[in-house]
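Read through the structure below, which is laid out as structure tokens, and then see the notes.
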Amino acid sequence: MSRWLSHGIDPWSKLNAASDIETLNMNPVKNMRREDMGLQWLAIGLFCCFVILAGGLWYVQIVSFKKYEKYREVQSYRTVRIPAPRGLIYDRDAQLLADNEPNLNIVVYLDQLREDFTRTYHDLKGDKDLPYLEGLELEKDARYLTVSNMVYEASVIIGKPSALVRSEFESHYYRHRYMDMPVLTGLSREQMARFMEQGSRLKGFDLEVRSKRRYPNGSLAAHLLGYMRPRQRTSNEEAATLQMSFDYELPDFMGKYGLEGQYEDELSGEPGAKSILVNNMIYRQEEEEWLPLLPGKHLYLTLDTDIQKAAEDALRYLNPNQQRRGAIVVMDCNNGDVLALASAPTFDPNIFTGFLPASVFKPMIDPKGSLPLFNRATYGRYHPGSIFKIMIGLAGLESRIIDPEVEFFGQGYFPMRGRRIDDTAGAGYFNFERAFYKSSNAYFIHYGLKLGPETIVDYGNQIFLGKETGLLPAQETGGYFPSKQTVRKGWHPGDTANLSIGQGKIDVTPLQMAVMTSAVANGGTVFWPRIVAGWESMMPNGASVFEPEPEGRIRGRLRAS
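In terms of the numbering used here, the sequence shown is residues 235 to 795.
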């Protein structure tokens with residue numbers, strides 16, 4: 235043993251090793267389990283990762299499919315509003331008062347110029363290495379120069395000087411590059427012909443025809459017809475009604491005044507829509523129309539063009555410089571149809587369908603000016619003057635206060651509590667016929683005082699003075715007429731005297747006076763005035779259907795108090 239120890243060998247080590255081998259050989263399963271525990275934990279970890287990954291894929295593909303599908307569509311499609319053809323307006327004899335004419339424009343499709351944009355960019359850049367931001371600015375310059383030069387070339391071809399406004403171009407590029415951009419608008423037929431002959435070399439340029447409202451008779455019946463202005467974007471309320479929103483809306487006009495505004499929904503019809511598939515650069519790939527449009531209805535009026543012209547000629551004769559003001563209303567006393575409604579001064583509604591400079595529009599609404607847009611036939615409030623003597627005469631005859639044969643002596647004025655109300659009929663004896671013919675103030679004041687204010691008010695109420703007629707609600711006033719409560723408190727004989735000759739505390743419209751005189755002329759029937767004779771709708775099969783408006787609607791009848 236000393237020999238083993240001297241060599242550094244432990245004699246018991248071999249015995250220990252042999253013992254370990256013997257132990258290992260006796261318990262093989264126990265030792266394998268101890269070494270496989272790490273592998274088992276690794277397998278469990280991998281299995282958990284697989285379960286989590288599979289669950290995530292299931293959630294994305296199944297649960298969130300609709301969400302991501304909708305997101306994909308929003309990113310890939312653009313919805314465009316397509317205006318419907320606007321309904322036409324005719325008079326009672328089917329003569330055109332408002333129609334639509336083609337508006338010719340030159341447009342450019344930016345998606346067809348992408349290679350040109352790149353070529354111009356490289357020409358401008360040359361061999362220089364530009365910082366990122368400078369490169370972006372140069373790309374903007376390249377796009378604008380490309381299109382601007384082509385627009386200039388197109389303007390030379392058609393002989394219409396024009397320049398591309400950079401801010402408008404960039405706005406269209408960044409917001410609506412998937413749509414064609416109008417660059418030259420309002421072409422004449424000659425300009426269109428020149429472009430069709432020589433413009434084919436302009437890549438991405440094309441002709442486009444849109445609709446424009448036209449009033450063939452100019453200012454004829456302008457206050458009645460109204461005018462159009464560019465349509466604003468669809469409001470949230472409209473979008474909710476249509477159950478859709480639009481990314482782009484083709485240019486359209488809407489009625490802002492007169493019948494064009496009052497019947498906007500009927501005349502404008504229902505717009506259509508199309509979807510444009512765009513790529514990741516927001517350029518168009520393809521398009522599909524999926525919501526058909528519905529044309530507007532045609533409007534037929536009771537207006538007689540010849541009578542309307544005669545009324546406007548009369549106002550023009552009295553008002554050659556368009557400075558004096560007046561109105562004429564002609565009604566069919568047998569049914570209330572309005573045959574003419576004229577107001578002076580007037581305007582041409584055609585100027586509103588194009589660009590309207592502020593220098594032209596501001597004088598039209600200047601309160602110190604002649605206000606040509608103001609409809610004096612329905613919105614003007616005036617003392618009726620001598621025409622109101624008709625009501626005093628009617629009330630006096632019906633109540634037997636006036637005997638048409640009895641003569642009244644007038645002094646050329648009427649004395650009223652220390653003052654005199656002049657009588658242009660002069661002094662003399664007047665029976666009813668002569669007093670009416672001469673329009674004697676003294677005669678009608680005398681009998682108006684005998685009637686008393688309450689009786690006068692009662693007859694005024696029978697023709698609905700102080701109330702709107704409903705002809706043009708958006709541009710009509712009811713004026714002012716005293717009530718019975720008013721004349722019972724704080725009312726003086728002088729007020730009755732003034733009222734008897736259409737002065738003082740009374741304001742009426744020319745339309746109201748037309749209703750009054752029609753009622754007297756037809757024997758006492760008060761009609762609702764009517765301007766709409768009916769509507770014509772176009773059916774999908776091409777047939778037309780006419781829907782007449784009720785004729786001769788009775789509002790009331792004159793009766794003795």
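Cβ coordinates follow ideal geometry from the N, Cα and C atoms, glycine included.
C-beta atoms of P319 and S396 nearer than 8 Å: No, these two residues do not count as a Cβ contact at 8 Å.
F581, DSSP secondary structure in three states: coil
Segment limits, beta strand (DSSP E) that includes F532: Residue 532 is actually His in this sequence, not Phe. Unbroken beta strand (DSSP E) run through H532: H532 to L535.
Short Cβ contact (8 Å threshold) for Y449 with Y491: In this structure, Y491 does not lie closer than 8 Å to Y449 by Cβ.
Check whether I690 and I735 have beta carbons under 8 Å apart: no
Nearest-angstrom Cα separation, counted from N665 out to E639: 6 Å
Which of helix, strand or coil DSSP assigns to N675: helix
Enclosing alpha helix (DSSP H) for G369 [first to last residue]: Y366 to I392
Cβ-Cβ distance between G758 and R791 below 8 Å: yes
Per DSSP, cross-strand counterpart(s) of Q709: According to DSSP, Q709 bridges with nothing at all.
Straight-line gap, G603 to D540 (C-alpha atoms, nearest Å): Going by the C-alpha atoms only, they are around 30 Å apart.
For K508, the nearest candidate out of T313, Y378, A676 and R764 (CA to CA): T313
Cutoff 6 Å; reference H802; Cβ partners in own chain excluding five residues on either side: Residue 802 lies beyond the stretch modelled for the chain, which goes from 235 to 795, so this question has no answer here.
C-beta atoms of Y815 and G630 nearer than 8 Å: Past the edges of the chain, shown from 235 to 795, lies residue 815, and the structure says nothing about it.
Nearest residue (CA-CA) to D538, options E431, E521 and V563: V563
Unbroken alpha helix (DSSP H) run spanning N665, endpoints: First-last for N665: undefined, no H or E at that position.
Where N259 sits in the DSSP three-state scheme: Confidence at N259 is low in this model, with a pLDDT of 48, below 50, so its placement is unreliable and the value that follows should be read with caution. In this structure, N259 counts as helix in the three-state DSSP scheme.
Local conformation of S734 per DSSP, three classes: helix
Counted within 10 angstroms of its Cβ, other Cβ atoms place Y305 as buried (16 or more) or exposed: Confidence is the limiting factor: at Y305 the pLDDT is only 46, short of 50, which leaves the residue's position unreliable and the question unanswerable from this model.
C-alpha distance - E402 paired with M750, whole-angstrom precision: Going by C-alpha positions, E402 is about 56 Å away from M750.
Proximity of I679 and I697 at Cβ, strictly below 8 Å: Pairing I679 with I697 gives a Cβ-Cβ distance that is not under 8 Å.
Of the residues I286, E632, G506 and T419, the one placed nearest L685, counting alpha carbons only: E632
Span separating the alpha-carbon of N451 from that of H356: Answer to the nearest angstrom: the Cα atoms are 55 Å apart.
Inter-stretch contact at 8 Å, needing at least 3 Cβ pairs: the region 409–422 / the region 332–349: yes
Segment contact flag, the region 723–739 with the region 526–533, C-beta cutoff 8 Å, min 3 pairs: no
Residue(s) in a DSSP beta bridge with L330: When DSSP reads this structure, L330 sits in a beta bridge with Y324.
Exposed unless 16 or more other CB atoms sit within 10 angstroms - verdict on S502: With 16 or more Cβ atoms within 10 Å of its Cβ, S502 is classed as buried.
Residues bridged to P526 [DSSP beta-bridge criterion]: DSSP lists no partner for P526.
Buried/exposed call for N337, threshold 16 Cβ in 10 Å: buried
Neighbour-count burial assignment, A427, 16 or more Cβ in a 10 Å radius: exposed
When I391, Y408, D499 and N695 are compared against Y378, the one with the closest alpha-carbon: When the alpha-carbon of Y378 is set against those of I391, Y408, D499 and N695, the nearest one is in Y408.
D656 in three-state terms, based on DSSP: strand
The region 760–767 / the region 566–575 touching (three or more Cβ pairs under 8 Å): yes
Bridge partners - M488, DSSP secondary structure assignment: In the DSSP assignment, M488 forms a beta bridge with R463.
Residue from L330, P707, V381 and Y693 whose Cα sits closest to the Cα of Y613: Nearest to Y613 by alpha-carbon distance, out of L330, P707, V381 and Y693, is P707.
Y551, enclosing beta strand (DSSP E) - first and last residue: Not the beta strand (DSSP E): Y551 falls in the alpha helix (DSSP H), residues T539 to L552.
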